[in-house]
């Protein structure tokens, strides 16, 4: 029996990935020099297709790192000399704060529970953090912060560098480019790629800011930016994943981002309806406006049985994160998950 | 025309990699949870096959990072509070020293040029560095430090943590486990894998040492070690490459490391003979004992023409590193490079 992975990441490969992998091996891509023209062309192609898909404006650039976790590290190393502020809506948005603390920074949190609305208008602006982080989609809890809410956060912190975690929200999430300075994601979620690549997209003016601060003695942002602008990385990157990302973005562009987004909303609606109608399922996040569209989380007294029943049909859905294991189920809703798959799953669980 | 990559890395894929990639996709490995039993089994299998291949003794463990470059960073973060010492035989062994400097450490170098023998007996032991780094094979120059020389270095620095770079020397290189505390390599060289994985193999007692020093507030070695001992990584790793590494090591074990090593020596001899007999080629490293076996470097006034002539035949050989571009040619001699391939190349160039 073939399994389908509805886990929030690693997740189902996008359906074109196996063919692109074969092609990459056929053309010898993993053996190419990462400093040669052929690979630089791949890098540029990936940028072009990704930026087209997400409608990234002029003046933005991207850096390839190894994971979203590494983005956290480089973000804090380069931009926080003293104080960072973290909107904590679950375990991952908390972890970046813990990283900042471990790196000796004055890390402050605004904790928002699953029972609360975000209410950015109430965020204190009594202190001025250098960096503010928040998650468009918090993968552990399914707490969603829409672009409208992000814009309200920006109003409270007009001068702060705002870094938006869209690890499991893209490509569906529409990034508010005027309200954030950078955003980042990893390959193994919504883009349906093998794990091992983090992508950090940013306003190029961030590089000047990093130079002025000059607090990272190592892996300086301005050096990363400089390499990126010549279609290169500092160390040998996961070339295969960079190639695959470009190809998958091209496929998604052919299909059209509007089509992908409307299908995502359709599938999310099916799953949300299931959560509301099923007697053993409750959406974990209470306020409808803050419920995830791309990784939907329900609490359930029978979570493990439901997960096991799905697994028997070959549908692998996620269990609760960390302390919520056995209490939640998490269903990813990425472009790799077809309408038919979600319809079948929801029918089965209904 | 199909190209064969004799570049020192990224290099030719080991011939079984395409089949293993197909199998990985077929079994859905890229979609598995990196915390689940199935993937932990893959991790354990890879350890078992790698340790068998390299004959790693009891009491050693391995950590998966993203590159050898990241190993440098975590090594210095965790083990150098003040002074590090670096045996510099080329650009890569110098770069780890530059990293240490950038990270605020008192980095001292022992520079050994291509015209010199190593002579560890003359190394000063007037200071006591916490960490000493050296490269079994310096990829940029082809300077080779045999295990016998490493043992002499250990005699001069009995208390220092010695980290051996075998990035482009394995699996041929026989690591002197009694003379070093750890060694590391990356996937895209001698193991013939796609780039995006660094492997750090170490005596587990290093973890205790790191705890005692307690200088890394972030990415603590003891946490990395703890995760490794339960077949896990801190962040989602390059699962595909970890799987492929295990499979390729299994294939190499079937063939037998002795067979692989004797073929490597045979091929190295052919290339060294070419360097000696060809009027336009000179081994860059003068002393025979310090000439690389796994990435052979020649200086030549006609380097670029020779590289271009080989490229016309589909043999992609490396040009000189950085300032040596146009002045050197570098020929990798990894298990992925067959005897027939090297014989053909040497015949053509003779």
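Chains as they are written, first to last, in my numbering: chain R, 46 to 395; chain H, 46 to 395.
Beta carbons: idealized from backbone N, C-alpha and C, even for Gly.
Predicted model only: the values in this text are computed from it and were never measured.
Starting from residue 96 of chain H and walking both ways along the alpha helix (DSSP H), at which residues does that stretch end? Note, residue 96 of chain H: alpha helix (DSSP H), 82 to 99.
According to DSSP, is residue 373 of chain R part of a helix, a strand, or is it coil? Here residue 373 of chain R carries a strand assignment [DSSP, helix/strand/coil].
Kindly indicate which three-state DSSP category residue 288 of chain R falls into: helix, strand or coil? Collapsing the DSSP output to three states places residue 288 of chain R in a helix.
Report the residues of the stretch 275 to 308 of chain R with a CB closer than 8 Å to any CB of chain H, ordered along the chain. Look at the stretch 275 to 308 of chain R: the residues with a C-beta under 8 Å from a C-beta of chain H are 279, 280, 281, 282, 283, 284, 285 and 286.
By Cβ distance, which residues of its chain are closer than 6 Å to residue 174 of chain H, with the 5 residues on each side in sequence left out? Once the five neighbours on either side are set aside, the close Cβ partners of residue 174 of chain H are 128, 129, 130 and 205.
Backbone CA spacing between residue 203 of chain H and residue 163 of chain R [nearest angstrom]: A straight-line Cα-Cα distance of about 58 Å links residue 203 of chain H and residue 163 of chain R.
Beta carbons nearer than 8 Å to chain R: which residues of the stretch 55 to 81 of chain H have them? Look at the stretch 55 to 81 of chain H: the residues with a C-beta under 8 Å from a C-beta of chain R are 55, 56, 57, 58, 62, 63, 66, 67, 70, 73, 75, 76, 77, 78 and 79.
Does DSSP put residue 260 of chain R in a helix, in a strand, or in coil? Secondary structure of residue 260 of chain R (DSSP, three-state): coil.
Starting from residue 65 of chain H and walking both ways along the alpha helix (DSSP H), at which residues does that stretch end? Note, residue 65 of chain H: alpha helix (DSSP H), 62 to 71.
Are any of the Cβ atoms in chain R nearer than 8 Å to that of residue 396 of chain H? This structure gives no information on residue 396 of chain H, because the portion of chain H shown stretches from 46 to 395.
Can you grab the Cα-Cα spacing for the pair residue 186 of chain H / residue 273 of chain H, in whole Å? One C-alpha to the other measures close to 33 Å.
Please go through the stretch 347 to 391 of chain R and give each complete alpha helix (DSSP H) segment of 4 or more residues, from N-terminal end onward. Fully enclosed alpha helix (DSSP H) runs of 4 or longer: 348 to 357.
Check whether residue 188 of chain H and residue 243 of chain H have beta carbons under 8 Å apart: Contact: no.
Hey, is residue 339 of chain R's beta-carbon within less than 8 Å of any beta-carbon in chain H? Not a single CB atom of chain H sits nearer than 8 Å to the CB of residue 339 of chain R.
For the stretch 101 to 114 of chain H, which residues have a CB atom closer than 9 Å to at least one CB atom of chain R, in sequence order? Result list: 110, 111, 112, 113 and 114.
Near residue 337 of chain H, what residues of its chain come up, given a Cβ to Cβ distance below 6 Å and the 5 sequence neighbours on each side ignored? Shown here for residue 337 of chain H: same chain residues with a beta carbon closer than 6 Å to its own, the five before and five after excluded, namely 182, 187 and 189 in chain order.
Report yes or no: do three or more beta-carbon pairs, one from the stretch 147 to 157 of chain H and one from the stretch 101 to 113 of chain H, lie closer than 8 Å? Contact between the stretch 147 to 157 of chain H and the stretch 101 to 113 of chain H is not established, with fewer than three Cβ pairs separated by less than 8 Å.
Would residue 207 of chain H pass as a contact of residue 198 of chain H if the rule is Cβ separation under 8 Å? Yes, Cβ-Cβ distance for residue 207 of chain H and residue 198 of chain H is below 8 Å.
Just the C-alpha distance for residue 320 of chain H and residue 50 of chain R, rounded to the nearest angstrom, thanks. Within the model, the alpha-carbon separation for residue 320 of chain H versus residue 50 of chain R is close to 54 Å.
Residues in the stretch 145 to 175 of chain H with C-beta within 7 Å of chain R's C-beta atoms, listed in sequence order? Per Cβ criterion, the list reads 147, 148 and 149.
Chain-ordered chain R contacts of residue 262 of chain H [CB-CB under 7 Å]: When 7 Å is used as the limit between beta carbons, residue 262 of chain H is near these residues of chain R: 147, 148 and 149, in chain order.
Quick check on the DSSP output: the alpha helix (DSSP H) that includes residue 106 of chain R runs from which residue to which? Taken as a continuous stretch (DSSP letters only), residue 106 of chain R belongs to no alpha helix (DSSP H), being part of the beta strand (DSSP E) at 105 to 110.
Within the 8 Å Cβ cut-off, does residue 48 of chain H reach chain R? Judged by the 8 Å Cβ criterion, residue 48 of chain H is in contact with chain R.
Just the Cα atoms here: how many angstroms apart are residue 316 of chain R and residue 237 of chain R? Cα-Cα distance, rounded: 20 Å.
If you draw a straight line from the alpha carbon of residue 74 of chain H to that of residue 156 of chain H, how long is it in whole angstroms? So the two alpha carbons sit approximately 45 Å from each other.
What do you get for residue 353 of chain H, buried or exposed, if any count of 16 or more other CB atoms within 10 angstroms of its CB means buried? Classification of residue 353 of chain H: exposed, given that the 10 Å Cβ count is below 16.
Are the stretch 284 to 298 of chain R and the stretch 62 to 79 of chain R in contact at 8 Å, needing three or more beta carbon pairs? They touch, by the three-pair rule.
Residues of chain R with a CB under 9 Å from the CB of residue 183 of chain H: which are they? Neighbours of residue 183 of chain H on chain R: none; closest Cβ ~16 Å, over 9 Å.
Can you list, in chain order, the residues of its chain whose CB lies under 8 Å from that of residue 52 of chain R, leaving out five sequence neighbours each side? Excluding residues within five positions, the ones whose Cβ falls inside 8 Å are 361, 362, 363, 375 and 377.
Could you name the residues of chain R that residue 52 of chain H contacts, counting a contact when the two beta carbons are closer than 8 Å? Going along chain R in sequence order, the residues near residue 52 of chain H (Cβ under 8 Å) are 76 and 78.
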